[in-house]
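Visitor: Chains as they are written, first to last, in the working numbering: chain X, 111 to 564; chain S, 111 to 564. Before I ask anything, let me first share the structure, which is written out below as C-alpha cells.
Number of protein chains: 2
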Amino acid sequence: MVPPLSENAFHETYPSVSFHNRKQTTVYVAKLSSVRIKDQLQPSVGNPASNMNPTDTGMARLTLSDADAQVRRWLADEVHKLGCNLQIDQMGNMFAQQTGHLKSSVPMIAMGSHLDTQPRGGRYDGILGVMASLEVLRTMKENGYQTAFDVGLVNWTNEEGARFPKSMCSSGVWAGATPIQQAWDLRDIHDSNVTLRSELERHGFLGDIPCSATEGVALGAHFELHIEQGPILVESGRSLGVVQGAQGYRWLTFTVQGRDAHTGTTPLSARQDPLLAASKMIAASNAVAKRHGALASTGVIKVPSNASTNTVASEVTFTLDIRHPRDRVVQTVQEECLESFAAIAREDGKGVKFDWTLDTDSAATQFDSGCIEAVRMAAEALVGKEKCVDMTSGAGHDSVYTSRWCPTTMIFVPCRDGVSHHPEEYCRQEDCALGTQALLEAVIHYDRFISDRK
Amino acid sequence: MVPPLSENAFHETYPSVSFHNRKQTTVYVAKLSSVRIKDQLQPSVGNPASNMNPTDTGMARLTLSDADAQVRRWLADEVHKLGCNLQIDQMGNMFAQQTGHLKSSVPMIAMGSHLDTQPRGGRYDGILGVMASLEVLRTMKENGYQTAFDVGLVNWTNEEGARFPKSMCSSGVWAGATPIQQAWDLRDIHDSNVTLRSELERHGFLGDIPCSATEGVALGAHFELHIEQGPILVESGRSLGVVQGAQGYRWLTFTVQGRDAHTGTTPLSARQDPLLAASKMIAASNAVAKRHGALASTGVIKVPSNASTNTVASEVTFTLDIRHPRDRVVQTVQEECLESFAAIAREDGKGVKFDWTLDTDSAATQFDSGCIEAVRMAAEALVGKEKCVDMTSGAGHDSVYTSRWCPTTMIFVPCRDGVSHHPEEYCRQEDCALGTQALLEAVIHYDRFISDRK
Chain X
111 MVPPLSENAF HETYPSVSFH NRKQTTVYVA KLSSVRIKDQ LQPSVGNPAS
161 NMNPTDTGMA RLTLSDADAQ VRRWLADEVH KLGCNLQIDQ MGNMFAQQTG
211 HLKSSVPMIA MGSHLDTQPR GGRYDGILGV MASLEVLRTM KENGYQTAFD
261 VGLVNWTNEE GARFPKSMCS SGVWAGATPI QQAWDLRDIH DSNVTLRSEL
311 ERHGFLGDIP CSATEGVALG AHFELHIEQG PILVESGRSL GVVQGAQGYR
361 WLTFTVQGRD AHTGTTPLSA RQDPLLAASK MIAASNAVAK RHGALASTGV
411 IKVPSNASTN TVASEVTFTL DIRHPRDRVV QTVQEECLES FAAIAREDGK
461 GVKFDWTLDT DSAATQFDSG CIEAVRMAAE ALVGKEKCVD MTSGAGHDSV
511 YTSRWCPTTM IFVPCRDGVS HHPEEYCRQE DCALGTQALL EAVIHYDRFI
561 SDRK
Chain S
111 MVPPLSENAF HETYPSVSFH NRKQTTVYVA KLSSVRIKDQ LQPSVGNPAS
161 NMNPTDTGMA RLTLSDADAQ VRRWLADEVH KLGCNLQIDQ MGNMFAQQTG
211 HLKSSVPMIA MGSHLDTQPR GGRYDGILGV MASLEVLRTM KENGYQTAFD
261 VGLVNWTNEE GARFPKSMCS SGVWAGATPI QQAWDLRDIH DSNVTLRSEL
311 ERHGFLGDIP CSATEGVALG AHFELHIEQG PILVESGRSL GVVQGAQGYR
361 WLTFTVQGRD AHTGTTPLSA RQDPLLAASK MIAASNAVAK RHGALASTGV
411 IKVPSNASTN TVASEVTFTL DIRHPRDRVV QTVQEECLES FAAIAREDGK
461 GVKFDWTLDT DSAATQFDSG CIEAVRMAAE ALVGKEKCVD MTSGAGHDSV
511 YTSRWCPTTM IFVPCRDGVS HHPEEYCRQE DCALGTQALL EAVIHYDRFI
561 SDRK
C-alpha cells in the first residue's frame, strides 16, 4: 500500500519541478506549487487493490459502486468550494463550470476524463485527468486568474465499461453514438438485477439534464490529460505527448471448426485440427500487421471445456484486434488476414472451416488543430521541443467521442513501463504535475486563441 | 436411439457374412452365425447417451457406476452359464476361465478388454473386445470345441479413467506399474467422497485375489479385439489390422510467460506476447513431427480467465502430445521442438520465457511375434492378405500393460470415420462379426502353436 503523502512530503517532492518562473502564460498563473493532485494519489477514496508494493498504486473503483459515489460526492464538494456551477446529466456525467470574465454564452472550454477504474486497475488512468482539471481550476482561483470564456471540468461516467460492459459509455451517449436507454439498461456483469440506471438512481446521480452534446451540456472544447498507457514516451525519453488523434480499430472474433479426433490414432494428414490452424492464423496476422506498420493482436483464445491433451479439439475461437491511425490500413490488414486465413484453412490435412464476426469498428479520429496547437505551445515551453512528441492514441478515450462535437485533444504523460489497467500502473509525481501544468497552460492558450478570433 | 435388434433381424443381417465354410481351424468351430454380439449392440445394459441418430450408438457407462455393476453381473451370469470359472481380483478385474483338454497348469490364453466407457462414449471401444471374447467362448462351447490349454476372458476395471482419473488403471496394477493403494484411492472426479475402492465394495466387486500378474491371476497370453479409433483402416479400405505394438508417447505441458499490455498502445516491438509465441510453437511442433513421420498435437490451450480482446495475455499454457512407434524418434521430436521453441521465445519483441513439465512418458511397446503370427494367419485366411494391414496402436490399451508379462497382441477393426470417444462411434455389424471370427481363429492358432511347442 502506498502511504498517503503528507502535505509536507508532497511539497518536498516538487520544488525541483519549478514551473512558476517561466514567462509566457505563467505570468498570469503564478505557480502550480500548491498542487493537490495528491488527492488522486490518496487511496482513501475508493478501494485500492490489495497486494501492492510501495510503488504499486492499484485502485478498484468500479463505476457507480459505493466507492465511486463517494469520490463523486467529494468532487462535487470540491468544485462547489471553488464556486463552480455543477450540472449532472441523465448519465451521471458531472460538468463543473467556472464563468469567464466575458460572461459569454459560448460553451465552456472543458477539461475532462473519468474517475472509474478497472477492477484491478491503477490510480492514474482517467483519475489523473479529472484531478488535474480540478487542480487547474483551483490554481486559477487561487491566483485570481480568470479566463475570457467559461472553463470547467467533466467527470464522464463509466469510461472503463468494466462493471457495465460498454467502454466510453456516457461520452458515447453524449455524442449521440449510443441510445441512452441502451446505456441505462446495461447490467452489472456480476449481478444482472442491477442496471446502470438503477445505480445512478441509488446514488442520486441520475440528473435531469439530457445527456447530449446538442440538447444537454454543450462543450466549446475538450482537453484530456492522460497517462500514455504505452511505452513510447518512457522508451524515447520524452516527457509530454501531443496527441494528434486516435487510431482506428476493429475487433473481430474468429471461430475455426474442425473435427475432434484421437491424437494417437489420427494421422496428421487425416486431421481437421482447428487449434493448429488458429495458431498459424495468429502468427500470420502478426506478420501482416508488421508489413503494414499496424497492430494486430490476439488476446483471447478458447477451446471447448472438454478439451484434453490427447484429443484434437473440435473448435477454437480467437479474437483479433487490428489498429492503425489510418482506417484504410486497418481495412487492408483485415483483408490480408482473411486471405491468409483462408489459405491456412485449406493448407493442412482435410482443411478446417472458419467464420468471423466484426464486433467493434471504431474509425480513426483526427483531433482539432487549434487544440493541438495550444497543447504544443504549452508543452514545448515547459520542457522544450526535444522532450515533446506527436503521438496517436492507441486506446479509446472519452475524447474520441467529444471530438465529434467540439474541438478536442489530449496530452499524454509517461507511465512506468507503459503498464496500465493493472495495480502496477504508475505515473511519477513529477510527471503528474508536469502534465497538469501543460493542461493549465494549454487551456489558457486556447482561451486566448478564441478570444483573439472572436 | 438404436432400436434393439430382434433375434431374427440380427440373424438376417449376418448370412452374407459366412465365415463358416472355411477350412483351417474353422472345421472345428462350425460357425459364428449364432453371434450374440448383439448384446453389445443392445443398449438395455447401461445408460446410452442421449440425442442419438439411428447409427449413433452412444453409451455412458462409467466405471463402477450402477450401470457398470449391472453389466458386470450380467457378464458373470453369462460366463457361469458356459461353465467357466470366474475369478475377481482386488481391483474388480473379472477373469473367466474355460479349462482346456490338457488340463494343464499353464496360465490361460486370455481375450480381454473393458466394459466401461467415457461419459459420452461409444458402444464399441472396449465393449466389443469383451463381448467378442464371450462370443468366442460360446461358439467353442456350442460346437464342442475344446482348446488344448485353458482359454478365457478378462474384463479390466477402469480402462477409460473417465470417472476415476487413471486410464488403463487395473491392468496397470496387475502389471505392477501402479501400486494398488494408489488405484484404490482414486476419487470420483465429480464426488470426492467416493473412491474406486468404495465403489468396488458397494457393488461387491472387491475380490480377494491379489491384482498381480505374478501373485494373482496369471495369463499365458492376451488377445484384444478393438476398434481402430482412427481412420487408417477405413481410408485404406482394409478390414483387419494386425497390431504390432503401441506407439511411445509423451505428454508435456508448456507455460509461456510474457507481460500483459494494452493492444492499442504497445508497439509490436515492445511486446512480450506469450500467445503469439505459443501459436508459433504449436505450428513449429507440427512441422517437426511431419519431418519425422511422428505425431505432435496440441489439444488444450489456456489464457488467464481475465484475458480480453484488447490486452496482450500475461501467460499461456498449452499441451503437447508427441507419439511415434520408436522411442528414439519421440525423443528426437521433443528435442527439436524444445530447440525451435527457444528460438521462437527469443525471436519477437522483447522475448517471452517458457517452462515445461513432462506429465506422461509411455515407452513404445512391441507385441509378441507368436501372437501376431496367430492373428496374421487368422486375418489373412478370413479376408485375404490385401485386406489386412500391419498397424501400430496409437492409443493406450490394457494390452500395453499385459504385454509386460505375457505374449500379447491386438486385432483392429474399422470404425466409421475413425471416430471414437463420442456417441457417433460406430462399427458395422459385419466388422464386429469379422473381428470376432478373427479373434476366435487367432486364439485357436495360438493354442496350437503352444501345444506343438510343448
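Note that beta-carbon positions come from the ideal geometry of N, C-alpha and C, so glycine has one too.
(1) At the level of alpha carbons, what is the spacing between X/GLN228 and X/CYS498?
(2) What span of residues does the alpha helix (DSSP H) with X/THR442 cover, start to end?
(3) Of the residues S/HIS402, S/GLY262, S/PRO341, S/ARG486, which one's Cα is nearest the Cα of S/THR519?
(4) Please name the residue, chosen from S/SER509, S/VAL529, S/GLY368, S/THR429, that lies closest to S/GLN461 on a Cα-to-Cα basis.
(5) Tell me S/SER223's beta-bridge partners as DSSP assigns them.
(6) Take X/GLY355 as the anchor and find which of X/CYS481, X/VAL439, X/ALA417, X/PHE364 has the nearest alpha-carbon.
(7) Strictly under 9 Å for the Cβ-Cβ distance: is X/SER144 near chain S by that measure?
(8) Would you grab the beta carbon distance between X/ASN195 and X/TRP266 for me? Rounded to a whole angstrom, and I think it's under 8 Å.
(9) Since S/LEU385 and X/THR408 are thought to touch, with beta carbons under 8 Å apart, how far apart are those beta carbons, to the nearest angstrom?
(10) Give the interface partners of S/LYS390 over in chain X, defined as CB-CB distance under 7 Å, in chain order.
(11) Find the residues of chain S that neighbour X/TRP466, judging by a C-beta separation of less than 8 Å, and give them in chain order.
(12) Between the alpha carbons of X/VAL553 and X/VAL440, how many angstroms are there, rounded?
(13) Under three-state DSSP, which class holds S/GLN180?
(14) If we call anything under 9 Å between Cβ atoms a contact, is S/GLU540 one with S/ASP235?
(15) Given this structure, state the Cα-to-Cα distance separating S/LYS412 from X/LEU430, to the nearest angstrom.
(16) Take the Cβ of S/PRO533 as the centre, count every other Cβ of all protein chains shown within 10 Å, and call the residue buried at 16 or more, exposed below.
(17) Sorted by chain position, which residues of the same chain lie with C-beta nearer than 6 Å to S/GLY239's C-beta, five sequence neighbours on each side aside?
(18) Quick one, which of S/GLN180, S/GLY254, S/TYR359 has its alpha-carbon nearest S/LEU225's?
(19) Does the region 168-188 of chain X come within contact of the region 309-316 of chain X, defined as at least 3 CB pairs closer than 8 Å?
(20) Where does X/PHE259 sit, in a helix, a strand or coil, going by DSSP?
(21) In the structure shown, what three-state DSSP assignment does X/HIS429 receive?
(22) Can you check whether the C-beta of S/VAL529 is within less than 9 Å of a C-beta belonging to chain X?
(23) With DSSP run on the structure shown, which of helix, strand or coil describes X/GLN547?
(24) For a test of the three-state rule: what should DSSP assign to X/PRO164, helix, strand or coil?
(25) Going by alpha carbons, who is nearest to S/THR419 out of X/LEU544, X/GLY494, X/LEU362?
(26) Would you call the CB atoms of X/ALA489 and X/VAL352 closer than 9 Å?
(27) Alpha carbons only, please: which of S/PHE205, S/HIS190, S/GLN256, S/ILE560 is nearest the one belonging to S/VAL327?
(28) Since S/ALA380 meets chain X, which of its residues come closer than 9 Å, beta carbon to beta carbon?
(29) Quick one: using the 10 Å Cβ neighbour count with 16 as the cut-off for buried, is S/ALA491 buried or exposed?
(30) Starting from S/ALA293, trace the beta strand (DSSP E) both ways and give me its first and last residue.
(31) Let me confirm a value: X/ASP562 is counted as buried when at least 16 other C-beta atoms fall within 10 Å, else exposed. Which label applies?
(32) Going by alpha carbons, who is nearest to X/MET581 out of X/ILE237, X/VAL189, X/LYS213, X/CYS542?
(33) Leaving out five residues before and five after X/ALA505 in sequence, what residues of the same chain have Cβ atoms less than 7 Å from its Cβ?
(34) Counting pairs of beta carbons, one from the region 272-287 of chain X and one from the region 509-525 of chain X, are three or more of them closer than 8 Å?
(35) Under DSSP, the beta strand (DSSP E) around S/ASN396 begins and ends at which residues?
(36) Mind checking which residues open and close the alpha helix (DSSP H) that includes S/PRO484?
Guide: Taking the geometry as given:
(1) 29 Å
(2) 437-457
(3) S/ARG486
(4) According to the sequence displayed, residue 461 of chain S carries Gly and not Gln. Closest by alpha carbon: S/GLY368.
(5) Paired residue(s): S/ASN265.
(6) X/CYS481
(7) Confidence is the limiting factor: at X/SER144 the pLDDT is only 31, short of 50, which leaves the residue's position unreliable, though a coordinate-based value still follows. Output row for X/SER144: interface = no.
(8) 18 Å between Cβ atoms; not a contact.
(9) 6 Å
(10) ALA393
(11) Result: empty, since nearest Cβ-Cβ is about 13 Å, beyond 8 Å.
(12) Pairing X/VAL553 with X/VAL440, the inter-Cα distance amounts to about 33 Å.
(13) helix
(14) no
(15) 16 Å
(16) Looking at its Cβ environment, which holds 16 or more other Cβ atoms inside 10 Å, S/PRO533 is buried.
(17) SER223, GLU334, LEU335, HIS336
(18) S/GLN180
(19) At 8 Å Cβ cutoff, the stretches touch.
(20) coil
(21) Residue identity check: residue 429 of chain X is Thr in the sequence provided, not His. For X/THR429, the three-state secondary structure derived from DSSP is strand.
(22) yes
(23) Looking at X/GLN547 - three-state DSSP - the assignment turns out to be helix.
(24) For X/PRO164, the predicted model reports a pLDDT of 45, less than 50, meaning its position is unreliable; a value from the coordinates is still stated below. It is coil, neither helix nor strand.
(25) X/LEU362
(26) yes
(27) S/PHE205
(28) Residues of chain X with a Cβ closer than 9 Å to the Cβ of S/ALA380 are, in chain order, GLY340, PRO341, ILE342, GLU345, GLY528.
(29) buried
(30) Note, S/ALA293: premise wrong, no beta strand (DSSP E); alpha helix (DSSP H) at 290-294.
(31) exposed
(32) The question about residue 581 of chain X has no answer, for chain X in this structure spans 111 to 564.
(33) GLN339
(34) yes
(35) For S/ASN396, there is no enclosing beta strand (DSSP E); the residue is found in the alpha helix (DSSP H) stretching over 384-402.
(36) At residue 484 of chain S the sequence reads Ala, which differs from the Pro that was named. Residues 479-493.
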